[in-house]
Amino acid sequence: MNTAVNDFLNDLRPRVVGDLRSDLYTRTLYSTDASLYQVMPHGVLIPKNADDMQAAIELAAAYQAPLLPRAGGSSLAGQTVNAALVMDVSRWMDQILELNVEERWVRVQPGIVLDILNNKLKPHGLQFGPDPASSNRACIGGVVSNNATGSHSIVYGMAVDHVLEMKVLLDDGSTAHFRPLNEEELRQKLLGDNRESEIYRRVAALVGDEENRQIIRQGTPRHWRRCGGYNLARFIHDGSIDHYLPQDTRFNLVNLIAGAEGTLAAITELKLKLVERPQRTALAIMEFPTLLAALEATPAILETGPTAVELIDDLSLRMAAENRDAARLVKSFLQGDPFCFLAVEYQGESEAELRARVQTLLDRFRHLPITPLFDPKLQANVWAVRKIGLGLLMSMRSDWKPIPFIEDTAVPPHHLADYIPKIEAFCRELGTQMTYYAHASAGCLHIRPLINVKLQPEIDKMRAISLFVADLLGQYGGALSSEHGDGRVRSWLAERFYGPELYALFKEVKAIFDPKNLFNPGNIVDGPPIDRHLRYGPEYRTTPVQTALHWPTGFAMEIEMCNGAGVCRKLTTGAMCPSFMATREEEHSTRGRANLLRAALSGRLPTAELTSPRMYAAMDLCVACKACKSECPSSVDMARIKTEFLAQYYAHHPRRKRDYLFAHIDVLSRLASGWRAPMANWALSLKVTKTLLDRWLGVSKERSLPRFSRHPFTARRLKATAQSKTVSPNERTEEFTAETQSSALLFVDTYNAYAYPHVAEAAVAVLKALGCAVEAAPITDAGRPALSKGMIDLARRRAQRAVEALHPHAAAGRPILFLEPSDWSAVVDDYAALLPDDERLPVVAAACLTFEQFVADRLAQGLPSPFGGEPQAALLHGHCHQKALTGTRPAVQALSAAGYQVQEIDSTCCGMAGAFGYESEHVAISLKMAEHGLLPAVRAAAPTTVIVAAGVSCRQQILSATGRRALHPAEALAARLRKS
């Protein structure tokens, strides 16, 4: 950074109460978004309030320092990266300030996430209308600044249609309150002598000039779904321009700030118009043999009055088949194997009304397979597939990826069947494949050519396709940008697309608001070439790494799978990403970690940083929950990446002694249990012992370690259990035939063997009641503790021993059942990276099931139920690895079959995460993770509600933080066995 920038930052630091950061790591974190681009900012301000932003703008004006207002950084067009001071409002400026239910408006700060806002409005039957696919992490400031919309744009129009007022900071740091002004109010505003009045005078003159108005009429795309350039068309209400929704004709500068992408002013507050939430919805899934057939059908579909028509194409469907969660969702609503499908939505006040609307569609398209969906859960499956579609496309493990640069074009829907084939033909001539998805209802198919942005000829194709499409759009009155904005990827085309006269008016608007070009320069006007500041590009290279784990497509490509979409920044639901949910820091998101690692591999950070203590700090709070493996649509496996990182890191740094303690916990537990247990438990309970462990090993004295059992679960104990009438009171073997009886190998892990043997005993009782003979596996350590510490050689030895012990049983067709989900996931998911050439591993992995999976499968076979008793409420916390690899449905099914009324907690990781929550420096953050869903739900549960959690760490966290004892599913099921 140059001296002037340093002086600017140094002068600003004492004037703000928020965080001002200029270190290399923070700047790297904010150098990317979800686009193709990477630009290093000068610094990052995380303002606590509008005063911080005002101080930054005032000083920036004095120092001529560029500024970039930013929120979630989910931009696909590159408008949230720049060589500027980034002002990230997503951390602190995220509050609802006022809600008026009767008048249906809300005042908010720009950093509030759209889904969080809508969740707060839901009890009042209200919502913000536009629904971009990124709503679970996109902040309202970004939604408005892009003039975004979404799947329901044919109902709700554009974001600007829902902004009533806003407070902004102008280029000199002065404040302005933009709102609708009648003629007298405008006249008074024009008479003022401040910066705001100057802007009013100049804008009013610009849009009042008839010559300019004619330029605006001629240059503005005919199609209403447009967000590119500046919204000068919003000042013309004579019917010559299609605004789609009715307009407030009063003079309102909100119309220019919405869609300006942070180039005119900095938003500090918004007053938004709200709409009623739809009472009921229905979907009709229409399956088509070709894309053209779907496009040709769209105009007729629109005549039936839908509220959304969304397209998913063949490539998206093929990618969905390779993603566990998405594949399950797709199967729930498709009849066959179509090339593509349209999801047609209707809204209504009653099911009868919806059925009538759907019937109209069925009558009109009798020749097509159409699946009506009235069940909200099945409808949610469709929208989930639609929302993760982009990430699924980006999850291709190849350098050729569906790239966003013409994805935001839109034409009137009746032109789609003509427009799309012309682009296909042009791309076919270039040898480029394409994919499509999204809003057929509004003529906006997100078209993504597959481009390798590491090769210059491919980058040249990107430019050629952009130019062709920009010219083609003019033939159909189409829009170059229709919800994602211009950004770096389209601003360079603005003059060509809009024409020199309208572009000149855009430049005049920029000069009126920002004559010194401080706000997000290079976007909308004066945009650089499309290939400048690419994240990759032909010069991109990565440093080879001798990896400890097996990476089929390479370690660098695994990290590059992160496309920056930022789904890991969501706060409202799911398990990903617990460290971001707890800290709200970009560094502690999956995206942040991937960006830093990629920067070190590619030389944007010094190569030595790959194994530096600072990189360790960025990776440290990853609890290896595996949530990103399934919830990240690109399937970034940060848990495994962290394991590799730790192996690389500790090749250059000494290990902490406690790593050896936890990695060898199986041996230590075996030695401390049995006859030594009373002495070991007494010693560990002493205050002096806890203090020494905290001081010397970093094992927190605030935590109580599991107590070792005097009677551990061993093969001998299993034999005694199998013979005991007290443990398994339901002797009903006569009810099972030879065909329905089975046998299984029970993998009793370290903790359930040596600390909680009653869990294993309960499992045996349930399995026996289900007609299953049980044998205990000869090992108790699957290597998970060693893996979690990056001790790869030790973990590999543990894996080899486990495969050796388990393979004969798997080869014989015996299921291998796991009580602890993290040990099960080690075998079925992680061993492939440890033992890639072991031919026995696929056989072993295929035989491995969680205890709940096996029980649910047995009950699904129609076997006589061994359970009885009155219905009882149960609160289920799913283990992260279960959620990531199979989901919690088997646990819900098994518990429900036993008479429990199951409510599943929507929570992230419990925070204990094996050893993580026991480590002194992690206790506070561990508990903060648990407070995101889990602990509040447990505290709110009635005393009679059974708390159920399969993970031993989860049960420990619940007990430690709430005093409630959670049961393993085996215990919960055993408690429901009928007495003989």
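Residue numbering for the sequence shown follows this note's numbering, beginning at 85 and increasing consecutively.
Here a beta-carbon is modelled for each residue, glycine too, at the ideal position from N, C-alpha and C.
Backbone CA spacing between residue i and residue j [nearest angstrom]
{"i": "P505", "j": "D255", "result": "45 Å"}
{"i": "L358", "j": "A731", "result": "52 Å"}
{"i": "G195", "j": "A756", "result": "52 Å"}
{"i": "R188", "j": "N220", "result": "22 Å"}
{"i": "I1009", "j": "S115", "result": "27 Å"}
{"i": "L253", "j": "L356", "result": "18 Å"}
{"i": "N296", "j": "G312", "result": "18 Å"}
{"i": "Y835", "j": "A464", "result": "38 Å"}
{"i": "L768", "j": "S793", "result": "13 Å"}
{"i": "R175", "j": "A853", "result": "53 Å"}
{"i": "Q38", "j": "P717", "result": "Shown here, the chain extends from 85 to 1064; a query on residue 38 therefore has no answer."}
{"i": "H208", "j": "R364", "result": "16 Å"}
{"i": "V1007", "j": "Y121", "result": "38 Å"}
{"i": "A929", "j": "A895", "result": "11 Å"}
{"i": "Y624", "j": "I454", "result": "47 Å"}
{"i": "M124", "j": "P486", "result": "25 Å"}
{"i": "E818", "j": "K204", "result": "Per-residue confidence for E818 stands at a pLDDT of 47, beneath the threshold of 50, marking its modelled position as unreliable; no derived number is given."}
Coarse secondary structure for residue i, derived from DSSP in three states
{"i": "V428", "result": "strand"}
{"i": "H246", "result": "helix"}
{"i": "F1076", "result": "Look at the range of the chain in this structure, 85 to 1064, and you will see that residue 1076 is not part of it."}
{"i": "K485", "result": "strand"}
{"i": "Q977", "result": "helix"}
{"i": "Q163", "result": "coil"}
{"i": "H307", "result": "coil"}
{"i": "C223", "result": "strand"}
{"i": "T444", "result": "helix"}
{"i": "D103", "result": "strand"}
{"i": "S826", "result": "strand"}
{"i": "T657", "result": "coil"}
{"i": "I876", "result": "helix"}
{"i": "I535", "result": "strand"}
{"i": "S808", "result": "Note that S808 has pLDDT 48, beneath the 50 cutoff, so the model's placement of it is unreliable and no number is given."}
{"i": "P622", "result": "coil"}
{"i": "F951", "result": "strand"}
{"i": "Q540", "result": "helix"}
{"i": "F797", "result": "coil"}
Paired residues, beta bridge with residue i - DSSP
{"i": "C932", "result": "I900"}
{"i": "I351", "result": "V252"}
{"i": "I180", "result": "V192"}
{"i": "L169", "result": "G127 and L151"}
{"i": "F372", "result": "C424"}
{"i": "Q122", "result": "T116"}
{"i": "K357", "result": "W189"}
{"i": "E1003", "result": "V783"}
{"i": "C528", "result": "H523"}
{"i": "T637", "result": "Paired residues: none, contrary to the question."}
{"i": "C856", "result": "S826"}
Integer Cβ distance of residue i from residue j, believed to fall under 8 Å
{"i": "C652", "j": "T674", "result": "4 Å"}
{"i": "A975", "j": "L943", "result": "In fact, because the Cβ distance is near 12 Å, the residues do not count as touching under 8 Å."}
{"i": "A392", "j": "S235", "result": "5 Å"}
{"i": "S119", "j": "G162", "result": "4 Å"}
{"i": "G514", "j": "P622", "result": "Note on identity: in this sequence residue 514 is Leu, with Gly being the wrong assignment. About 18 Å; that fails the 8 Å criterion."}
{"i": "L201", "j": "I180", "result": "7 Å"}
{"i": "L918", "j": "A879", "result": "6 Å"}
{"i": "F746", "j": "K873", "result": "6 Å"}
Residue nearest to residue i in terms of C-alpha spacing, selected from the options
{"i": "M480", "options": "L438, S400 and A366", "result": "S400"}
{"i": "H451", "options": "K415, H523, E371 and E491", "result": "E371"}
{"i": "A232", "options": "T365, A910 and V244", "result": "V244"}
{"i": "G983", "options": "A1056, R154, K967 and A847", "result": "A1056"}
{"i": "V603", "options": "P1053, M171, V101 and D95", "result": "According to the sequence provided, residue 603 is Phe. The question's Val does not apply to it. With distances taken between Cα atoms, F603 lies closest to M171."}
{"i": "Q884", "options": "A916, L457 and K873", "result": "A916"}
{"i": "L418", "options": "V101, M665, E845 and L367", "result": "L367"}
{"i": "E644", "options": "L655, G527 and Y620", "result": "Y620"}
{"i": "A405", "options": "D421, E394 and D598", "result": "D421"}
Near the ligand PLP: residue i beta-carbon under 6 Å from a heavy atom
{"i": "P460", "result": "The model depicted lacks the ligand PLP and carries no ligand whatsoever."}
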